[in-house]
Amino acid sequence: MISVRDGQNQILAQIARPTPPELVPVGAARGRVLAEDLRAPFDVPPTDNSAVDGYAVGSAEVPAAGARELDVVADLPAGAVFDGALGPGQAVRIMTGAPMPRGADTVYPQETVERLDGRVRVGSIRKGANVRMRGEDIQAGTVVIEGGTALRPQELGLIASLGRCQVLVHRRPRAVLLSTGDEVVEPGSPRKPGQIYDANRFTLAASIVEAGGEVIDLGIVPDARAELRARLLEAGALGEIVVTSGGVSVGVYDFVKEVLDEIGAIDFWQVAMQPGRPLAFGRIGSAHFFGLPGNPVASMLAYMLFVRPAIYKLAGRRRLFHETYAARATEPMSKKKGRREFKRGVLRFRDGAWEVRTTGPQGSGILSSMVAGNCLVVLEEERGDVAAGETVLVEPF
Ligand code: AMP
Ligand code: MG
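For the sequence shown, this note's numbering assigns the number 533 to the last residue and increments by one with no breaks.
Pasting the structure below:
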């Protein structure tokens, strides 16, 4: 038996380097992983500018007390720049974001002044008020987004604001996916007695895409040695990883093992976890091979624990694991010491605290428990039965 953590470490140690970088348009980069440290090519904001709509003045013109009238010598709409310099007794009407005119260092918000014909009456104000300073957000040359960051909408906006239209990201890792089993049939086709529709290829394909991978779908392979061998050989040449489900328990077990012994290498691991069956991990040519269990919950869980961090690492991400949080269990949960158990839970905020219950029956074939749930409840190896009210770790999904 190996622990979940040892299994993860052994897998990640096999992944030497991420996929190569490629240039993509910023608008198409959501979810991609940055392959460069992104530096600001200029100060942001690039000049001192007004934080409000109002009147820019030199602070020498600001009365210490009482009021004073100033000539409005120009009207600066957004995007306009004042060519001259402000002199004594002068003000410029300015819009939010417009560069400060030379000679001005303070802005009166327009609602604080009295507008006269061509003039403006102003009172006292703090020197330097309502001015955003050049470089106060980002200084030229600093790293604004580190390589290895998965890009969200706000990162795309920031990249665009620096004037970039393309960004260097890692190529999406290619995952070749197939289901095994004589009983497994394609949804949409008729189902004979004894047959089941393929669920795993759909949960796994969507999970791979969500993690930033690209799926190459090789469909369903029957439990037949020659066909399995041909399809796995093909799979190994098509992507960085090969993911199968089913056929790693007794019965077909030997086919996968025999075939992989011939065309690559394979280890069967007994991972100390629940739900959990043996997990197969190995190689076909230069591709990493993951043989996941057939039961839908077990295959999804094994994917989350072992395949997803591998995809993240291949994709160049710095962070390989999702965050866990603490919540109060509202019901007792059975737990065997010595293995890591994962329940499907419903996490919610109630009466000022996060609380979690299980989704009900936790069998490894009950896919509806993943549908009803919004988190995994992660019960560590050393832990025994959980009483209601105890704190447990949760990982939202
Ligand atoms: P196996 O590991 O191949 O013995 O499969 C274990 C259980 O998972 C069996 O009940 C299978 O019918 C079921 N199973 C295998 N593959 C799939 C699949 N792609 N979708 C849904 N259930 C599956
Ligand atoms: Mg099977």
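Even for Gly, the Cβ is constructed at its ideal location relative to N, Cα and C.
The structure presented is a predicted model; accordingly, all values stated were derived computationally and were not measured.
- prompt: What is the DSSP secondary structure of Met436, counted as helix, strand or coil?
  reply: Counting from 1 along the sequence shown, the entry for residue 436 is found at position 300. Of the three classes helix, strand and coil, the one that applies to Met436 here is helix, per DSSP.
Contact check, Val190 vs Ile230, beta carbons under 8 Å: Taking the first residue of the sequence shown as position 1, residue 190 is located at position 54. Taking the first residue of the sequence shown as position 1, residue 230 is located at position 94. It should be noted that the sequence gives Gly, not Val, for residue 190. Yes. Within cutoff.
- prompt: What does Thr494 pair with, by DSSP beta-bridge criteria?
  reply: Position 358 of the sequence shown holds residue 494. BP columns for Thr494 point to Gly481.
query: Can you list, in chain order, the residues of its chain whose CB lies under 8 Å from that of Trp405, leaving out five sequence neighbours each side?
result: Counting from one through the sequence shown, the residue named residue 405 turns up at place 269. These residues qualify, in order along the chain: Ile138, Gly143, Pro414, Leu415, Ala416 and Phe417.
task: Say yes only if the C-beta of Asp353 is nearer than 7 Å to one or more non-hydrogen atoms of the ligand AMP, and no if none qualify.
output: Here residue 353 corresponds to residue number 217 of the sequence shown, with the count starting at 1. Answer for Asp353: no, Cβ out of range of the ligand AMP.
query: So, is Tyr333 buried or exposed, given that buried needs 16 or more other C-beta atoms within 10 angstroms?
result: Here residue 333 is taken as the residue at index 197 of the sequence shown, counted from 1. With fewer than 16 Cβ atoms within 10 Å of its Cβ, Tyr333 is classed as exposed.
task: Would you list the one or two residues that DSSP bridges to Met409?
output: Residue numbering aside, residue 409 sits at position 273 when the sequence shown is read from its first letter. Under DSSP, Met409 shares a beta bridge with Arg476.
Alpha helix (DSSP H) segment containing Ile295, residue limits: As a position in the sequence shown, residue 295 is number 159, starting the count at 1. Segment Pro289 to Ser297, the alpha helix (DSSP H) holding Ile295.
field: Contiguous beta strand (DSSP E) assignments of at least 3 residues, all confined to the stretch 350-430
entry: 350-357, 377-381, 400-405, 415-420 and 423-428
- prompt: Closest to Val217 by CA distance: which of Arg238, Phe338, Gly421 and Val433 is it?
  reply: Position 81 of the sequence shown, counting from 1, holds the residue named residue 217. It is Arg238.
- prompt: Would you call Tyr461 buried or exposed, if buried means 16 or more other Cβ atoms sit within 10 Å of its Cβ?
  reply: For the purposes of this step, residue 461 is taken as the residue at position 325 of the sequence shown. Exposed, because fewer than 16 other Cβ atoms sit within 10 Å of the Cβ of Tyr461.
- prompt: By Cβ distance below 6 Å, which residues in the same chain neighbour Ala451 in space, the five residues on each side in sequence not counted?
  reply: Here residue 451 corresponds to residue number 315 of the sequence shown, with the count starting at 1. So the list reads Val169, His306, Pro309 and Gly348, once near-sequence residues are dropped.
Contact under 8 Å by Cβ, Arg464 with Met506: Looking up residue 464 in the sequence shown gives position 328. Looking up residue 506 in the sequence shown gives position 370. Taking 8 Å as the Cβ cut-off, Arg464 and Met506 do not qualify as a contacting pair.
field: Alpha carbon of Thr466 to alpha carbon of Trp490, nearest angstrom
entry: On the sequence shown, residue 466 is found 330 positions in, with the first residue counted as 1. On the sequence shown, residue 490 is found 354 positions in, with the first residue counted as 1. So the alpha carbons of these two residues sit roughly 10 Å apart.
message: Rounded to the nearest angstrom, what separates Ile261 and Arg204 at their Cα positions?
response: For the purposes of this step, residue 261 is taken as the residue at position 125 of the sequence shown. For the purposes of this step, residue 204 is taken as the residue at position 68 of the sequence shown. Looking at the backbone, the Cα of Ile261 and that of Arg204 are separated by about 12 Å.
- request: Say yes only if the C-beta of Val433 is nearer than 7 Å to one or more non-hydrogen atoms of the ligand AMP, and no if none qualify.
  value: Mapped onto the sequence shown, residue 433 falls at position 297. It does not: the Cβ of Val433 is nowhere closer than 7 Å to a heavy atom of the ligand AMP.
Three-way DSSP call (helix, strand, coil) for Val574 in this model: Summary: the structure shown does not reach residue 574, with the chain confined to residues 137 through 533, and so no result is reported for it.
message: Just checking Thr316 against the ligand MG - is the residue's beta carbon closer than 7 Å to any of the ligand's heavy atoms?
response: For this step, residue 316 is matched to residue 180 along the sequence shown. For the ligand MG, at least one heavy atom lies less than 7 Å from the Cβ of Thr316.
Identity of the residues DSSP links to Gln275 by a beta bridge: Counted from its first residue, the sequence shown places residue 275 at position 139. Gln275 has no beta-bridge partner at all, per DSSP.
- request: Take the Cβ of Val279 as the centre, count every other Cβ of all protein chains shown within 10 Å, and call the residue buried at 16 or more, exposed below.
  value: For the purposes of this step, residue 279 is identified with residue 143 of the sequence shown, where counting begins at 1. The residue in question, Val279, is exposed, as its Cβ has fewer than 16 Cβ neighbours within 10 Å.
- prompt: Where does the unbroken beta strand (DSSP E) through Thr316 begin, and where does it stop?
  reply: Position 180 of the sequence shown, counted from the start, is the residue given in the question as residue 316. Per DSSP, Thr316 belongs to the beta strand (DSSP E) from Arg310 to Thr316.
query: Can Asp359 be considered in contact with the ligand MG, in the sense that its beta carbon sits closer than 7 Å to one or more heavy atoms?
result: For this step, residue 359 is matched to residue 223 along the sequence shown. Checking the Cβ of Asp359 against the ligand MG gives yes.
task: Would you check whether the ligand MG has a heavy atom nearer than 7 Å to the C-beta of Gly348?
output: Within the sequence shown, numbered from 1, the residue matching residue 348 stands at position 212. Because no heavy atom of the ligand MG lies under 7 Å away, the Cβ of Gly348 does not count as near it: no.
query: Hey, would you say the C-beta of Gly382 is under 7 Å away from at least one heavy atom of the ligand MG?
result: As a first step, residue 382 is located in the sequence shown; it is residue number 246 there, counting from the start. Yes.
field: Range covered by the beta strand (DSSP E) that runs through Gly97
entry: Past the edges of the chain, shown from 137 to 533, lies residue 97, and the structure says nothing about it.
- prompt: What span of residues does the beta strand (DSSP E) with Gln302 cover, start to end?
  reply: Working through the sequence shown from its first residue, we reach residue 302 at position 166. Gln302 to His306 is the extent of the beta strand (DSSP E) around Gln302.
task: Determine the direct distance from the alpha carbon of Asn185 to that of Pro420, and round the result to whole angstroms.
output: If you number the sequence shown from 1, residue 420 lands on position 284. If you number the sequence shown from 1, residue 185 lands on position 49. Looking at the sequence provided, one finds Ile at residue 420 rather than Pro. Computed Cα separation, rounded: 59 Å.
- prompt: So, using beta-carbon positions, are Phe478 and Leu512 closer together than 8 Å?
  reply: The residue you call residue 478 lines up with position 342 of the sequence shown. The residue you call residue 512 lines up with position 376 of the sequence shown. Their beta carbons are under 8 Å apart, which means Phe478 touches Leu512 by this criterion.
task: Could you spell out the range, first to last residue, of the alpha helix (DSSP H) harbouring Thr339?
output: Counted from its first residue, the sequence shown places residue 339 at position 203. Here the alpha helix (DSSP H) through Thr339 covers Asn336 to Glu346.
query: Going by the C-beta, is Gly412 closer than 7 Å to any heavy atom of the ligand AMP?
result: For the purposes of this step, residue 412 is taken as residue 276 along the sequence shown, with counting starting at 1. Flag unset: Cβ of Gly412 not near the ligand AMP.
task: May I have the straight-line CA-CA distance separating Gly400 from Arg327, to the nearest angstrom?
output: Your numbering for residue 400 matches position 264 in the sequence shown. Your numbering for residue 327 matches position 191 in the sequence shown. Rounded to the nearest angstrom, the two C-alpha atoms are 34 Å apart.
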